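Student:
Residue numbers (this note's numbering), protein chains in the order written: chain E, 1 to 303; chain P, 1001 to 1303.
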């Protein structure tokens, strides 16, 4: 079964990523495995790998999950009515890291496969994924490095892929109620099968494999920069936007919480400490104002 | 126009509540008024009254808003298909207070009126409202006092009202993904018109007027109790549940954010400082465990 290869890849990817992040942090990440009870409607298993109070990462996780269910959720068949109600299989690796140092950006990465298994017919498989970067204090070279890594990973699959998926990312990670992007973006794709199984799967792997080289050099450049209460406070304030996005808009989070997913794994994306403050605006000319003026707007970072 | 009386009542209620809370806190609350630009689809105005870093209230707000729109949102006419698409008017007072002292509970109160204005027909008006209490460390006498105040306010409108609205509150303020109630509850009602305009409006007023006597004595009893980092930390952790409820489940919050409401006023319900922690459980026998075992379950508090 081809989807066994996907599972094998995803489990290996999770190990590689955690290995790299653990080595950077110096603290071993926790492991928490789970299996759905046989009487539950959804079947499946997963491993959460997570860190709290690390040297570099204040909180974060990288989860693998693999579920099977008797009927596709309506949200998954909006564009494929012929598959409505078919059994399905879904698996993915999902990561969010909230660094302690406010000069190091928060990052999110996800790669996933969805398969509809209509009775007596061939499985219909599609892929999704992407990664995006959320700085508190922006560095142009970091945003450029991250976007170029995404662009280079996608290049073998067609010149249209990076610009399409970059725009999709800007559109998806947008806080409508704030009229504000979540960060400097990256790439995002969903419902992807247009290259056929083998090449679509290869493209998903290319994105997954690009994560460590896209993010780790940024961590290494910024992790020792000195900071004070001022930067920590701004970080805590900006993390509120991350909470708002994930709980109000993010389809994966909402689907997980509503479908009875494992709450503590899903909410690994929540930051460790968050502050809300009424109608706060950065003062003109401060480094905080530069985040809004220069980084929280769509830019052609890979150019 | 009868709805002018509702507006007058709500503005007076906001003033009375803020007067009582300001006197308790000692810090004047800020005032922020807003009016929708004439070219916007929704028309209306509002006043936000809010506090940050008060002596008692670390963050909180009491908002009045009044909007008119050309077509009812679908969420409002699920049970009234004959009104779909009619012009409407909605107004309300909504309050959340997050005290600094972890021995003082967080509280929420809301009273609201909705009117559909189908062309050439009589307006159709309904009311909603309620209040609920969210302790960090529970006191039975506080939960009893709060519930008895709700019960007594509703008694003139029929013996069924308190038990019905108490159950509705337990059902509404429930975090499905945590299998946990938000707090010790209170009362909640919506789509209410069964007593006719005058008495339904009177019932809404009774709930609004009951708020200060229901909550203020609890603040006064607990505000000077000493606390340490341990209690503050638990408070910050539990406030995460408040965020999760309001951003994932609360209809008023989601409707407001999705319909282009004033974000900073709507998100006054967010706590000032919040912490998330993986898979945290209280140790048996601690005061934190007592919150879960004795308070976070439906109980007949008014008995």
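All C-beta atoms, glycine included, are put in the ideal place defined by N, C-alpha and C.
Keep in mind the model is a prediction, meaning the values are calculated, not measured.
1. So the candidates are P:1192, P:1171, P:1078; which of them puts its Cα closest to the Cα of residue 1183 of chain P?
2. If you scan the segment 210-284 of chain E from start to end, which runs of the beta strand (DSSP E) of 3 or more residues do you find wholly inside it?
3. Applying the criterion that 16 or more other CB atoms from any shown protein chain within 10 Å of the CB defines a buried residue, is residue 276 of chain E buried or exposed?
4. Would you mind stating whether residue 1243 of chain P and residue 1270 of chain P have Cβ atoms separated by less than 9 Å?
5. Are the CB atoms of residue 1146 of chain P and residue 1128 of chain P within a distance shorter than 9 Å?
6. What residue does the beta strand (DSSP E) around residue 307 of chain E start on, and which one ends it?
7. Kindly list, in the order they appear in chain E, the residues whose Cβ is closer than 8 Å to that of residue 1178 of chain P.
8. Specify the secondary structure class of residue 23 of chain E as computed by DSSP and reduced to three states.
9. Kindly indicate the opening and closing residues of the beta strand (DSSP E) around residue 43 of chain E.
10. The alpha helix (DSSP H) with residue 1299 of chain P in it runs from where to where?
11. How many Å lie between residue 1282 of chain P and residue 1144 of chain P at the Cα?
12. Given a threshold of 16 other Cβ atoms within 10 Å of its Cβ, counted over all protein chains shown, does residue 1040 of chain P qualify as buried or as exposed?
13. If we ignore side chains and look at the alpha-carbon of each, how far apart do residue 22 of chain E and residue 1252 of chain P end up?
14. According to DSSP, what are the bridge partners of residue 109 of chain E?
15. Using a Cβ-Cβ cut-off of less than 8 Å, give me the residues of the segment 268-294 of chain E that come near chain P, in sequence order.
16. Can you pull the chain P residues whose beta carbon is under 9 Å from the beta carbon of residue 257 of chain E, in chain order?
17. Answer with yes or no whether the minimum CB distance from residue 50 of chain E to chain P is below 9 Å.
18. Is the Cβ of residue 59 of chain E closer than 9 Å to any Cβ of chain B?
19. At a Cβ threshold of 9 Å, is residue 1236 of chain P touching chain E?
20. Within its chain, find whatever has a CB closer than 6 Å to the CB of residue 1137 of chain P; leave out the 5 residues flanking it on each side and keep chain order.
21. Please list, in chain order, all residues of the same chain as residue 154 of chain E whose beta carbon is under 8 Å from its beta carbon, the five residues on each side excluded.
22. Judging by CA-CA distance, which residue of P:1126, P:1107, P:1059 is the nearest neighbour of residue 1116 of chain P?
23. Between residue 130 of chain E and residue 97 of chain E, which are expected to be in contact by the criterion C-beta below 8 Å, what is the C-beta distance as a whole number of angstroms?
24. Is residue 1018 of chain P close to chain E, meaning its C-beta is less than 9 Å from at least one C-beta of that chain?
25. Which residue wins for smallest C-alpha separation from residue 1132 of chain P, given the options P:1241, P:1223, P:1106?
26. Can you tell me which residues form a DSSP beta bridge with residue 1089 of chain P?
27. So, does the segment 190-199 of chain E touch the segment 63-74 of chain E, judging by three or more C-beta pairs under 8 Å?
28. CA-CA distance, residue 1057 of chain P and residue 1232 of chain P?
29. Return the first residue and the last residue of the alpha helix (DSSP H) that residue 1154 of chain P is part of.
30. Roughly how many angstroms lie between the CA atoms of residue 217 of chain E and residue 42 of chain E, to the nearest whole one?
31. Find the nearest neighbour of residue 4 of chain E within the set E:32, E:142, E:212, E:90, judged by alpha-carbon distance.
32. In whole angstroms, give me the CA-to-CA distance for residue 181 of chain E and residue 300 of chain E.
33. Beta-carbon of residue 1199 of chain P versus every beta-carbon of chain E: anything under 9 Å?
34. Whole-angstrom Cβ separation of residue 149 of chain E and residue 224 of chain E, contact assumed at under 8 Å?
35. Is the CB of residue 1032 of chain P under 9 Å away from at least one CB in chain E?
36. Counting contacts by CB-CB distance shorter than 9 Å, is residue 1218 of chain P in contact with chain E?
Tutor: Judging by the given coordinates:
1. For residue 1183 of chain P, the nearest C-alpha among the options comes from P:1171.
2. Within the segment 210-284 of chain E, the complete beta strand (DSSP E) runs of at least 3 residues fall at 273-275.
3. buried
4. yes
5. Contact: no.
6. Because residue 307 of chain E is not part of the residues shown, which for chain E are 1 to 303, the question remains open.
7. 263
8. helix
9. Residues 43-52.
10. Taken as a continuous stretch (DSSP letters only), residue 1299 of chain P belongs to no alpha helix (DSSP H), as it is neither H nor E.
11. 24 Å
12. exposed
13. 42 Å
14. Looking at the DSSP output, residue 109 of chain E sits in a beta bridge with E:95, E:131.
15. Hits within the stretch, in order: 268, 270, 271, 272, 273, 274, 275, 276, 277, 278, 279.
16. 1176, 1177, 1244, 1248
17. yes
18. You won't find chain B in this structure, because its protein chains are E and P.
19. yes
20. 1103, 1287
21. 161, 162, 165, 187, 203, 206, 207
22. P:1126
23. Contact flag wrong, Cβ pair sits at about 15 Å.
24. No, residue 1018 of chain P lies away from the interface with chain E (no Cβ there is under 9 Å from its Cβ).
25. P:1106
26. Here residue 1089 of chain P is bridged, per DSSP, to P:1068, P:1115.
27. no
28. So the alpha carbons of these two residues sit roughly 14 Å apart.
29. 1140-1154
30. Straight-line spacing of the CA atoms in residue 217 of chain E and residue 42 of chain E works out to 39 Å.
31. E:90
32. Residue 300 of chain E has its alpha-carbon roughly 14 Å from the corresponding atom of residue 181 of chain E.
33. no
34. Incorrect: roughly 22 Å between the Cβ atoms, too far for contact.
35. yes
36. no
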